[in-house]
Amino acid sequence: MISVIIAVIATLGTLFVLLAAVGILRMPDTYLRMAVTTKAATLGIGLILIAAAIYFYDFSTTTRVLAIILFILLTAPVGAHLIGKASYISGNKLWEGSIMDDLKGKYRKTGKHVSAPKNPEGENEQEEEEI
């Protein structure tokens, strides 16, 4: 019975990783690709690791699996956010079907420099940073 549960969890994880791979190919722009791969791959890898922890049923393996899952859950969204921000600042366009552009007008491009985000009064709080 436990082997069936392990197989189901591992198969679900594999399907989520496959969904992430298909999302890279099918999504129209960088931002949607990044969102699909971050969410689906994180969940898929987590499920595969949980299946491995159940299979080995060892305290050492389980703690390592939990540490890896925690690390992935903490770093994947941060990495995706930074990639998206760098992509936006470098001028990568949104898909035509995108409804909102939350960052529009928040960064002023001046040659090789990008100004810091504006505060609510519209003034820059920091000096320009070089990219």
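Taking this note's numbering, the leading residue of the sequence shown gets 1, the next gets one more, and so forth. Cβ atoms here follow ideal geometry from the backbone N, Cα and C, with glycine treated the same way.
- Residue range T30 to F56 is occupied by the alpha helix (DSSP H) that includes Y31.
- Shown here, L66 sits in a helix according to DSSP, grouped into three states.
- Residue state for K85 is assigned as helix, using DSSP reduced to three classes.
- Separation of D102 and T62 (C-alpha to C-alpha, rounded to the nearest whole angstrom) is 41 Å.
- CA-to-CA, the gap between I50 and G13 works out to about 9 Å.
- The continuous alpha helix (DSSP H) containing L12 extends over residues I2 to R26.
- Beta-carbon to beta-carbon, I83 and M34 are separated by about 6 Å, close enough to satisfy the 8 Å threshold.
- Between I5 and I45, the C-beta gap is not smaller than 9 Å, which leaves the two residues out of contact.
- Close CB contacts of L43 within its chain, under the 8 Å cut and outside five residues either way in sequence, are with G13 and F16 (chain order).
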